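With this note's numbering as the guide, the letters of the sequence shown map in order to residues 1455 to 2129.
C-beta atoms are modelled at their ideal positions from N, C-alpha and C, and glycine is treated no differently.
Because the structure is a prediction, the values reported are computed rather than measured.
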Amino acid sequence: MQLKYSEAGNGRKLNMIQECLVGVLLAAAFMAALCSALGISLSPADLPAGNPADGFISLWNTAADRFGENNFLILPKYAAEHVGTGPAVALIGVMLILFSICVVRSHLRPLLLFYLVPFVFMLALGLDMRPWTGILFAAAVLLSFTVMGSCSGTGLPILREAAVTVLILAAVMTVWIHAAGITEPQLLTDAGAGIVSRLEDVRYGSGILKNGELSGLDSRKAVNRTALKITMEKPQSMYLRGYVGEIYTGSRWNRLSNQTAYSFRDTGYGLQKRGFSALTQAACVQKLIGQKQGGNRIRIRTESADRRNSYLPYELMDGNIDGMVNFADAAEKPTGFRGASDYSVKIADNQTGVWTDQVGRLFSGVWNDARARYFVSESHYNAFVYENDTTVSTELRALLKKRTGIGAEGTKHMEYREAIEAVRKYLSGNFVYTEKIRPVSGGSDFLENFLSTRRGCDVHYATLAAMMFRCCGIPSRYVEGYLVTVGDEAEMTAGKDWLLPENRAHAWTEVYVDGYGWVPVETVPKYMKLMKQADLSIGLSGTDAREQAQSPQSSTGRDTEEPTKNRARERRVLWIFGLAALCVLSALLLIWLAARFGRRLMREIRYRKAFLHRDPGRAVRSLYDYMKEKGFPLSEKAEALGCFAAFSNGLIQERDRRDMLEEMKRGKREKKQRS
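Take a look at the structure:
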């Protein structure tokens, strides 16, 4: 008998050790995946550096930067001493190990959702994660799942063996992938991107134009749907800028990367504190030159248009729009789950038809402090624009120079009037506008195909014009959006809803005029008749606008660093982290208590049920096991009855059950008296 119970005790100890090891493995795998996703690098030297309080703030700031660079998700950052994240990560790691051991020992499989939900959330956000960490985490969860089931008597040994096999394979694959530098196959990458795109179409809807996608561009079909519902206090024609493409890949126009946009955040913050924003630059210039601004309130409701984009006019007067975040002064990016559906903005009178006149008045007016401050701010944004919106590959620059004969030598900046007239003349004289087009075959460059076929729609014209302007040294971008035409303006009624149809969807080029800002440049003859066009013969002199500006002396002028947060905010952050740590410790305690007393309660219930089993022999055996487990003193009678029931085939009767119950009660009283 003693041997039997010794073996049972040893088995329980081995199970406990196994569960603890699996808990440690689960915590380590989850921490590795988390650190990889958030870009946190760890080394033994980092662990003792600094204090945990500043470490937690540094950890938060690191995570905020990661989300910002990867998803342009703007989170607040806080001032702290420049220390590593090692102390905070080490403390979190210890707490996570304790938590994971409790989870595995509780045998409650639903608790694994504490690990799976954050992991899936990180994948959904597209956070870059090393492949080996994902494989290791998946194997650790599978192993935990099977151990938690098998130790409770509900799992299958074969599943545990499979989990261990997967874990070993994961370790081997991890070393191999890490050493060989293997990347994901392009076919798999494209398939994943296609699935994400379709899901986003369901979430946000889709219009005629496809957010910079060029390779699948097909004949434009007549659609009678309403794209936008617009209400204006005073009707006026305008370009409604939606998707802004700044990086040409040969098959599509991409936005600036989230990382580039996020890197501009501090600069943009400083400029906005000084009253400068590229989104409201035209209205700002109108104020500087003393022109009456008027003011017009416009409400835009999205019907069938793509809700991934906000559709805003160039005449915007206030860039702070509820439910949107400024994306590198290129657009207001919706933050809601369903995107931009209903928003109102204040705008100035039409600027896109008179911008040349305003440029002339801006540079010919009397110099004052307001203009000096404006040009200092504009110079910083100007540098950002030239860095990101003048890029042309060497091959494409050579091709365009050969085919069009248009372009500046080296880094020279052509005059605006000369460049715009040359681009318009080349496009109108060498290409046929048509909306009946065929998709570009896979692998072919969109512009090369257009230059060969010489037939295309506004997307083709806008793409070629944008790259030609860049070859002229002028920053340019590709834009998709909607037009409120001069004809629409005449038919609209103040204060009444205007249903803007899908056939007002349009793609155009915008160029950056130094000192003034972004302006739409129409290159399709058909659309030049629909929209007000600026007179290029006035306002633009023989030199570019940068040479007209009197560059004021200033200090750095940036003021771009976000103000240092005061100590009260730091204390609030510490309180938040402290409260979070307390919640985690409380959860650990509750799980431990639930596991300890829950399992004890379940055993008590099972034993009580066994005591009343219809087979008296089984009931006596259960009573004997229960008394041994609880450490009750056993009389000779109890020992004899228990051994007889366990090892004999003799008949156990109902009176034996009653006698054993009395022995259990006696043993319980005796143990209580001894204690």
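Along the beta strand (DSSP E) that carries residue i, what are the first and last residues, could you check?
| i | result |
| --- | --- |
| residue 1675 | Where residue 1675 is concerned, there is no enclosing beta strand (DSSP E), given that its DSSP letter is neither H nor E. |
| residue 1960 | 1959 to 1967 |
| residue 1778 | 1778 to 1781 |
| residue 1786 | 1785 to 1788 |
Have a look at the DSSP bridge pairing and note the partners of residue i.
| i | result |
| --- | --- |
| residue 1708 | 1701 |
| residue 1591 | None; residue 1591 has no bridge partner. |
| residue 1753 | 1685, 1798 |
| residue 1817 | Per DSSP, none; premise fails for residue 1817. |
| residue 1680 | 1955 |
| residue 1695 | 1766, 1935 |
| residue 1898 | DSSP lists no partner for residue 1898. |
| residue 1909 | 1886 |
| residue 1971 | 1967 |
| residue 1976 | None, per the DSSP bridge assignment. |
| residue 1930 | 1965 |
| residue 1667 | 1706 |
My assumption, with CB atoms under 8 Å, is that residue i sits in contact with residue j. Please give the rounded CB distance.
| i | j | result |
| --- | --- | --- |
| residue 1668 | residue 1900 | 4 Å |
| residue 2130 | residue 1839 | Summary: the structure shown does not reach residue 2130, with the chain confined to residues 1455 through 2129, and so no result is reported for it. |
| residue 1959 | residue 1936 | 6 Å |
| residue 1816 | residue 1874 | So it is not a contact: roughly 18 Å between Cβ atoms. |
| residue 2114 | residue 2092 | 7 Å |
| residue 1721 | residue 1834 | 6 Å |
| residue 1591 | residue 1487 | 4 Å |
| residue 1988 | residue 1809 | 5 Å |
| residue 1565 | residue 1557 | 5 Å |
| residue 1911 | residue 1674 | 6 Å |
| residue 1525 | residue 1712 | 6 Å |
| residue 1425 | residue 2117 | An answer regarding residue 1425 cannot be provided, because it is not within the stretch 1455 to 2129 covered by the chain. |
| residue 1858 | residue 1880 | 5 Å |
| residue 1719 | residue 1522 | 7 Å |
| residue 1476 | residue 1598 | 5 Å |
| residue 2100 | residue 2080 | Incorrect: roughly 13 Å between the Cβ atoms, too far for contact. |
| residue 1559 | residue 1700 | Wrong, their Cβ atoms sit about 54 Å apart, outside the cutoff. |
| residue 1671 | residue 1992 | The Cβ separation is near 37 Å, so there is no contact. |
Looking at residue j and residue i, is the spacing between their C-beta atoms short of 9 Å?
| i | j | result |
| --- | --- | --- |
| residue 1542 | residue 1529 | no |
| residue 1982 | residue 1939 | no |
| residue 1888 | residue 1909 | yes |
| residue 1855 | residue 1685 | no |
| residue 1483 | residue 1594 | yes |
| residue 1913 | residue 1964 | no |
| residue 1877 | residue 1813 | no |
| residue 2063 | residue 2086 | no |
| residue 1955 | residue 1678 | yes |
| residue 1801 | residue 1763 | no |
| residue 1747 | residue 1803 | yes |
| residue 1943 | residue 1690 | yes |
| residue 1973 | residue 1789 | no |
| residue 1550 | residue 1520 | no |
| residue 1694 | residue 1765 | yes |
| residue 1511 | residue 1533 | yes |
| residue 1657 | residue 1819 | no |
| residue 1957 | residue 1662 | yes |
| residue 1555 | residue 1473 | yes |
| residue 1994 | residue 1869 | yes |
Consider the Cβ of residue i: report whether some Cβ of chain B lies at a distance smaller than 9 Å.
| i | result |
| --- | --- |
| residue 1812 | In the structure shown, chain B does not exist; there is a single protein chain. |
For the alpha helix (DSSP H) that contains residue i, what are its first and last residues?
| i | result |
| --- | --- |
| residue 1841 | 1823 to 1842 |
| residue 1979 | 1979 to 1982 |
| residue 1744 | It is not in any alpha helix (DSSP H) - residue 1744 carries neither H nor E in the DSSP assignment. |
| residue 1723 | 1719 to 1727 |
| residue 1758 | Neither: residue 1758 is in no alpha helix (DSSP H) and is coded neither H nor E. |
| residue 2120 | 2108 to 2128 |
| residue 2088 | Neither: residue 2088 is in no alpha helix (DSSP H) and is coded neither H nor E. |
| residue 1851 | 1848 to 1858 |
| residue 1944 | 1940 to 1945 |
Practice problem: Evaluate the contact criterion for the region 1705 to 1720 versus the region 1753 to 1773: three or more CB pairs, one atom per stretch, below 8 Å. | Solution: Taking 8 Å as the limit for Cβ pairs, the verdict is that the region 1753 to 1773 does not touch the region 1705 to 1720.
Quiz item: Touching or not, the region 1720 to 1738 and the region 1822 to 1838, by the rule of three or more beta carbon pairs under 8 Å?
Solution: Yes: at least three Cβ pairs fall under 8 Å.
Quiz item: Would the region 1752 to 1759 and the region 1773 to 1787 be scored as touching if the rule is three or more Cβ pairs under 8 Å?
Solution: In short, these stretches do not touch, since the Cβ pair count stays below three.
Practice problem: Give a yes or no on contact between the region 1915 to 1928 and the region 1681 to 1696, applying the rule of three or more CB pairs nearer than 8 Å. | Solution: Contact between the region 1915 to 1928 and the region 1681 to 1696 is absent: fewer than three C-beta pairs spanning the two stretches fall below 8 Å.
Quiz item: So, do the region 2099 to 2116 and the region 2071 to 2086 have three or more beta carbon pairs nearer to each other than 8 Å?
Solution: A contact exists between the region 2099 to 2116 and the region 2071 to 2086.
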